[in-house]
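Single-structure report; data block below.
Residue numbers (full-length UniProt numbering): 1 to 334.
Shown next, in the form of structure tokens:
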């Protein structure tokens with residue numbers, strides 16, 4: 001094997017094995033669901049499960065883009081809430097507004113929120129954790145001030161179609177939206193821009209020396225995360241209706257899903273497919289706990305355990321890889 005072939009072989013092997021644990025976990029959870037509830041795999045119920053998971057899967061894909069380039073986005077849950085409330089208020093003022101126009105407005109608003117977070121993080125050098133935490137508080141406060149804590153108005157059936165309607169009489173639109181968003185995320189990460197995000201997260205200095213426009217790449221990642229959150233808002237509004245708590249907790253669920261998928265906090269390593277599999281795994285776990293009669297109040301505890309365990313395991317694995325990479329070539333294992 002030539003020296004050129006060896007790195008290529010390692011890249012292929014890495015691509016095949018990245019995220020393997022989460023795929024095994026997802027398979028185990030799906031088997032457990034089948035054993036706990038034999039009717040789980042009836043077409044209508046299984047598609048309903050995917051429909052419920054769709055917003056989190058889309059959010060996880062957006063969160064992945066930000067995390068893999070070395071940042072965080074804590075504002076996505078607030079963007080979901082704001083999107084649902086804004087849609088209801090728009091329909092309250094303009095009852096005949098086309099659903100597609102309102103959806104585009106929400107997507108543009110999500111992109112704007114992401115742009116602001118990205119510019120503050122990259123140009124002003126404010127840590128993204130602080131920036132997006134501030135954005136989350138601003139949006140939550142604005143929603144509360146605007147609605148007085150109790151949103152008015154309702155979402156018409158046309159707008160709610162993506163969240164609760166079906167295509168061809170049997171396939172939920174939310175499932176189609178989830179599939180299309182997932183395919184777009186995979187295609188993006190296989191493009192030059194995707195490789196740029198990975199390089200930026202792996203080493204900002206090395207990426208800059210290689211000619212990568214780091215600030216631009218990270219800002220675009222925030223914009224795409226905001227768009228993903230706005231799209232999730234359309235789905236959540238579709239099947240949950242209007243609520244000032246519509247997106248509450250989604251930011252932490254998205255981060256948990258990404259970490260569960262083996263994506264390294266700090267960036268540079270991870271698969272978007274594994275991140276989305278992490279979202280499905282989290283939804284499957286919550287569904288299983290619900291079927292077992294476990295209180296939903298424990299969901300936050302479960303998320304905390306998952307994040308700590310996944311980060312600890314990832315850090316241990318990374319330390320072993322670094323030690324192995326710095327061993328002298330002639331060193332022998334004992």
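We put the CB at the ideal spot given by N, CA and C, even for glycine. In this text, all values refer to a predicted model and were calculated from it rather than measured experimentally.
What's the gap between the Cα of residue i and the Cα of residue j?
{"i": "residue 76", "j": "residue 280", "result": "18 Å"}
{"i": "residue 125", "j": "residue 248", "result": "27 Å"}
{"i": "residue 214", "j": "residue 204", "result": "7 Å"}
{"i": "residue 58", "j": "residue 131", "result": "22 Å"}
{"i": "residue 235", "j": "residue 22", "result": "25 Å"}
{"i": "residue 117", "j": "residue 194", "result": "20 Å"}
{"i": "residue 335", "j": "residue 25", "result": "Nothing in the structure corresponds to residue 335, since the chain is present only between 1 and 334."}
{"i": "residue 139", "j": "residue 79", "result": "7 Å"}
{"i": "residue 290", "j": "residue 296", "result": "7 Å"}
{"i": "residue 99", "j": "residue 227", "result": "17 Å"}
{"i": "residue 245", "j": "residue 81", "result": "6 Å"}
{"i": "residue 336", "j": "residue 218", "result": "For residue 336 there is no data in the structure shown, the boundaries of the chain being 1 and 334."}
{"i": "residue 166", "j": "residue 231", "result": "17 Å"}
{"i": "residue 106", "j": "residue 261", "result": "28 Å"}
{"i": "residue 147", "j": "residue 229", "result": "21 Å"}
{"i": "residue 263", "j": "residue 168", "result": "36 Å"}
{"i": "residue 144", "j": "residue 85", "result": "10 Å"}
{"i": "residue 271", "j": "residue 133", "result": "25 Å"}
{"i": "residue 137", "j": "residue 300", "result": "20 Å"}
{"i": "residue 307", "j": "residue 283", "result": "15 Å"}
So what does DSSP say about residue i, is it helix, strand or coil?
{"i": "residue 210", "result": "coil"}
{"i": "residue 282", "result": "helix"}
{"i": "residue 336", "result": "With the chain covering only 1 through 334, there is no way to say anything about residue 336."}
{"i": "residue 3", "result": "Because residue 3 sits at a pLDDT of 45, beneath the cut-off of 50, its placement in the model cannot be relied upon, and the following sentence gives the value as read from the coordinates. Residue 3: coil per DSSP, three-state reduction."}
{"i": "residue 273", "result": "helix"}
{"i": "residue 150", "result": "coil"}
{"i": "residue 244", "result": "coil"}
{"i": "residue 312", "result": "helix"}
{"i": "residue 233", "result": "helix"}
{"i": "residue 224", "result": "helix"}
{"i": "residue 268", "result": "coil"}
{"i": "residue 159", "result": "coil"}
{"i": "residue 39", "result": "helix"}
{"i": "residue 263", "result": "coil"}
{"i": "residue 304", "result": "helix"}
{"i": "residue 238", "result": "helix"}
For residue i, is the beta carbon positioned less than 7 Å from some heavy atom of the ligand SAM?
{"i": "residue 310", "result": "The ligand SAM is not part of this structure, which contains no ligands at all."}
Apart from the five residues just before and just after residue i, which ones in its own chain have a Cβ nearer than 8 Å to its Cβ?
{"i": "residue 39", "result": "45"}
{"i": "residue 285", "result": "29, 302"}
{"i": "residue 91", "result": "97, 102, 153, 154, 155, 156, 159"}
{"i": "residue 88", "result": "151, 152, 153, 154, 155, 237, 242"}
{"i": "residue 223", "result": "111, 114, 115, 118"}
{"i": "residue 34", "result": "40, 41"}
{"i": "residue 202", "result": "267, 268, 269"}
Less than 7 Å between C-beta atoms, sequence neighbours within five positions excluded: which residues of the same chain meet that for residue i?
{"i": "residue 60", "result": "254, 257, 258, 275, 276, 278, 279"}
{"i": "residue 192", "result": "none"}
{"i": "residue 340", "result": "Past the edges of the chain, shown from 1 to 334, lies residue 340, and the structure says nothing about it."}
{"i": "residue 172", "result": "47, 51, 166"}
{"i": "residue 310", "result": "259, 260"}
At which residues does the alpha helix (DSSP H) containing residue i begin and terminate?
{"i": "residue 48", "result": "43-68"}
{"i": "residue 99", "result": "99-123"}
{"i": "residue 26", "result": "20-36"}
{"i": "residue 128", "result": "128-147"}
{"i": "residue 295", "result": "Residue 295 -> no alpha helix (DSSP H), and no H or E assigned at all."}
{"i": "residue 187", "result": "173-189"}
{"i": "residue 192", "result": "192-202"}
{"i": "residue 76", "result": "76-93"}
{"i": "residue 252", "result": "250-260"}
In chain order, what residues of the same chain lie with their CB nearer than 6 Å to the CB of residue i, ignoring the 5 residues before and after it?
{"i": "residue 135", "result": "75, 117"}
{"i": "residue 20", "result": "none"}
{"i": "residue 113", "result": "79, 226"}
{"i": "residue 128", "result": "71, 72, 121"}
{"i": "residue 196", "result": "212, 217"}
{"i": "residue 36", "result": "291"}
{"i": "residue 32", "result": "288"}
{"i": "residue 239", "result": "163, 164"}
Three or more C-beta pairs below 8 Å linking the region 182-196 and the region 45-56
no
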